[in-house]
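Residue numbers (the numbering used here), protein chains in the order written: chain A, 29 to 309; chain B, 292 to 557.
Where a beta carbon is used, it is the ideal one built from N, C-alpha and C, also for glycine.
If you want it as structure tokens, here you go:
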């Protein structure tokens, strides 16, 4: 009963904070924390052994190129094919950036606003969950019918895929109301906007960054998928093109580019988390 | 009565009554609580948990509305946070994403004023936190965190300090240190302080007057004048006179509790 009286507010929050994984998940891939020289060496060694071993085995067993190309062929294809590939890379990145910017911005604002009104949040959440769990790729043929074969349907699909991810994670962050910290700001005369910018947003920041990261990765998947479904441009479209021609080294060169994009996104948000949300990790 | 305390009320609480609406019904937290916080005085509000002492303090800070009754600062009715009143919370309540310097600068930021670096520097020096400006709260001990929060509140130079069980989470030794420090700061600055605690000896050690509250609903059960001369050393807590005061207040609280339990049974 006494809890209602405000005596125990900080305890409430501590419990809540403890149950929140926050950025801890970012460390799962081993990028977190300091790594010794030995660990770095072993990681590089593993890569060398795996790539070299694959090359060797493919050569020994004389595996045909159309089943599995050798690593050396993939790298060679990446360089020879680059002049034809980079315009498609630009298109894919453009779709990803624009779609993610639109979806992420809407998702963030929606999360910030909705969490202030518990009733609205309860009503809206099931529909957001529906958006999160439904593969937006399924909508692409429909979007193409309406918007044609340009970038628009794919940008919309990216926004639809990334927005709900950003929203649902940011909302989790904004829901961590620390009444004592808000009271602290109010006691120094803070207005609603200041409470938002100085307390609520920094408090939600670890989860916002997780949302941005997951959302952008989902955006990348959706952009590639949408390009494979329809249209004549983008790295996804090139994947279908090269696989139809059984030009496997080129096909795998694109997979390599996509892997690099994915890792870059991850590293960027990891760095952002270190910068803005390291207090929780 | 010690130091600069006068009979003039700095803050007046008049018939403060508070009901909370909860899921399981309405909770009667405060029942017609009336008391004066005198200019320059160190007042301790003492009571068992759930007696509404924090509610009373939060209402004085303008952070809670009252159901009925009135709280005034001088002649001004308190309806919201007031620049003359600063609150010090349980567990320091520092923002974990800001370093010490930025935590202390928060009140200035919220008031859109340039931080008074000279005053902040002097205060940090006073509480032995000089050189820790770039540390984050998690890198500081509990006592250091609470000292930082005291600096944060004093930095904007309020005339009233409201302290909500500020040292409750500290170990006994750190708690003694903090009690000495807050006594010194009070004697140096002449601030008016209302200090909520559930430790009888802490209340007697610090206070000019101890307000004892009873629980459910919160009422003022008794007010004790503590005329022990200052500065009071920590060892004073082992002296017979001090212990006699503790026992007197303790029996008063126990008595009150028995009475209310009997009521509950009826």
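State the CB to CB distance for the pair residue i and residue j, rounded to an integer number of angstroms; the pair is presumed to be in contact (CB under 8 Å).
i, j, result
"residue 222 of chain A", "residue 109 of chain A", "Wrong, their Cβ atoms sit about 54 Å apart, outside the cutoff."
"residue 383 of chain B", "residue 436 of chain B", "4 Å"
"residue 123 of chain A", "residue 70 of chain A", "Contact flag wrong, Cβ pair sits at about 38 Å."
"residue 387 of chain B", "residue 429 of chain B", "6 Å"
"residue 431 of chain B", "residue 439 of chain B", "7 Å"
"residue 352 of chain B", "residue 449 of chain B", "With 8 Å as the limit, residue 352 of chain B and residue 449 of chain B do not qualify as a contact, their Cβ atoms being about 10 Å apart."
"residue 213 of chain A", "residue 196 of chain A", "Actually they do not touch by this definition, with Cβ atoms about 26 Å apart."
"residue 399 of chain B", "residue 447 of chain B", "7 Å"
"residue 359 of chain B", "residue 308 of chain B", "5 Å"
"residue 316 of chain B", "residue 508 of chain B", "About 14 Å separates the two Cβ atoms, so there is no contact after all."
"residue 113 of chain A", "residue 266 of chain A", "7 Å"
"residue 558 of chain B", "residue 326 of chain B", "Any answer about residue 558 of chain B is impossible in this case: the structure gives chain B only from 292 up to 557."
"residue 237 of chain A", "residue 297 of chain A", "6 Å"
How would you list, in chain order, the residues of chain A whose beta-carbon sits under 7 Å from the beta-carbon of residue i?
i, result
"residue 427 of chain B", "307"
"residue 300 of chain B", "Neighbours of residue 300 of chain B on chain A: none; closest Cβ ~21 Å, over 7 Å."
Residues of chain B with a CB under 9 Å from the CB of residue i: which are they?
i, result
"residue 217 of chain A", "371, 372, 373, 374, 398, 401, 402"
Quick one: list the residues of chain A neighbouring residue i, beta-carbon separation under 8 Å, in chain order.
i, result
"residue 384 of chain B", "38, 208, 209, 212"
"residue 380 of chain B", "38, 208, 211, 212"
"residue 387 of chain B", "307, 308"
As a quick exercise: from the options, pick the residue whose alpha carbon is nearest that of residue i.
i, options, result
"residue 346 of chain B", "B/534, B/315, B/485", "B/485"
"residue 234 of chain A", "A/217, A/248, A/199", "A/199"
"residue 312 of chain A", "A/232, A/255, A/209", "Absent from the structure is residue 312 of chain A, since the part of chain A shown begins at 29 and ends at 309."
"residue 295 of chain A", "A/245, A/97, A/146", "A/245"
"residue 402 of chain B", "B/298, B/349, B/375, B/367", "B/375"
"residue 534 of chain B", "B/489, B/372, B/493, B/509", "B/493"
"residue 328 of chain B", "B/301, B/467, B/546, B/369", "B/301"
"residue 100 of chain A", "A/81, A/114, A/118", "A/81"
"residue 107 of chain A", "A/150, A/253, A/280, A/143", "A/280"
"residue 426 of chain B", "B/460, B/416, B/459, B/391", "B/391"
"residue 264 of chain A", "A/249, A/189, A/276", "A/249"
"residue 462 of chain B", "B/434, B/489, B/483, B/482", "B/434"
"residue 305 of chain A", "A/247, A/153, A/201, A/285", "A/201"
"residue 409 of chain B", "B/380, B/445, B/483", "B/445"
"residue 330 of chain B", "B/348, B/480, B/503, B/372", "B/480"
"residue 356 of chain B", "B/332, B/379, B/320", "B/320"
"residue 373 of chain B", "B/532, B/364, B/381, B/379", "B/364"
"residue 542 of chain B", "B/505, B/471, B/529", "B/505"
"residue 205 of chain A", "A/218, A/231, A/121", "A/231"
"residue 241 of chain A", "A/148, A/72, A/291, A/155", "A/291"
"residue 537 of chain B", "B/516, B/520, B/522", "B/516"
"residue 167 of chain A", "A/297, A/284, A/257, A/270", "A/257"
"residue 246 of chain B", "A/143, A/307, A/211", "Limits of chain B in this structure are 292 at one end and 557 at the other, which puts residue 246 of chain B out of reach."
"residue 220 of chain A", "A/141, A/191, A/148, A/288", "A/141"
"residue 98 of chain A", "A/111, A/192, A/83, A/203", "A/83"
"residue 419 of chain B", "B/524, B/441, B/528, B/483", "B/441"
Can you list the residues of chain A that residue i reaches, using a CB-CB cut of under 9 Å?
i, result
"residue 522 of chain B", "By Cβ distance, chain A contributes nothing, its closest Cβ being about 29 Å from residue 522 of chain B, past 9 Å."
"residue 377 of chain B", "215, 216"
Mind listing the chain B neighbours of residue i? Cutoff is C-beta to C-beta under 7 Å, in chain order.
i, result
"residue 222 of chain A", "401"
For residue i, return the contacting residues in chain E, with the cut-off set at a CB-CB distance below 8 Å.
i, result
"residue 111 of chain A", "Here the protein chains are A and B, and chain E is not one of them."
Check distances from the C-beta atoms of the segment 203-214 of chain A to those of chain B and list, in chain order, the residues that come in under 8 Å. 208, 209, 211, 212, 213, 214
Taking only runs that begin and end inside the segment 292-371 of chain B, name each unbroken beta strand (DSSP E) of 3 or more residues, in chain order. 300-313, 316-329, 333-337, 359-364
Near-chain A residues of the segment 448-478 of chain B (beta-carbon distance less than 7 Å), N- to C-terminal order: none
Please identify, using Cβ separations under 7 Å, the residues of the segment 138-167 of chain A that lie next to chain B, in order along the chain. Taking 7 Å as the Cβ-Cβ cut-off against chain B, none of the residues of the segment 138-167 of chain A qualify.
What residues from the segment 402-423 of chain B come within 7 Å of chain A, judged by C-beta to C-beta, listed N to C? 402
Given a limit of 7 Å on CB to CB distance, which residues of the segment 494-512 of chain B reach chain A? none
Name, going along the chain, the residues of the segment 286-306 of chain A whose beta-carbon falls closer than 9 Å to a beta-carbon of chain B. 304, 305, 306
Complete alpha helix (DSSP H) runs within the segment 58-112 of chain A (minimum length 4 residues, chain order): 65-88
List in chain order: all unbroken alpha helix (DSSP H) runs of 4+ residues lying wholly within the segment 176-240 of chain A. 180-202, 207-215
What are the complete alpha helix (DSSP H) segments, minimum 4 residues, inside the segment 119-170 of chain A? 146-161
Residues from the segment 350-361 of chain B in contact with chain A, defined by Cβ distance under 7 Å: 352, 354
Mind listing, in chain order, the continuous alpha helix (DSSP H) runs of no fewer than 4 residues lying wholly within the segment 245-292 of chain A? 263-272
Ranges of the beta strand (DSSP E) found wholly within the segment 474-545 of chain B, counting only runs of at least 3: 483-488, 500-505, 510-516
Any chance you could list the beta strand (DSSP E) runs of at least 3 consecutive residues sitting entirely within the segment 360-438 of chain B, in chain order? 376-379
Residues, ordered as in the chain, of the segment 79-104 of chain A that lie near chain B by beta-carbon distance below 7 Å: Result list empty, no residue passes.
Between the segment 170-190 of chain A and chain B, which residues of the former have a C-beta closer than 9 Å to a C-beta of the latter? Taking 9 Å as the Cβ-Cβ cut-off, the segment 170-190 of chain A has no residue approaching chain B.
Counting only Cβ-Cβ distances shorter than 8 Å, please list the residues of the segment 259-278 of chain A near chain B, keeping chain order. none
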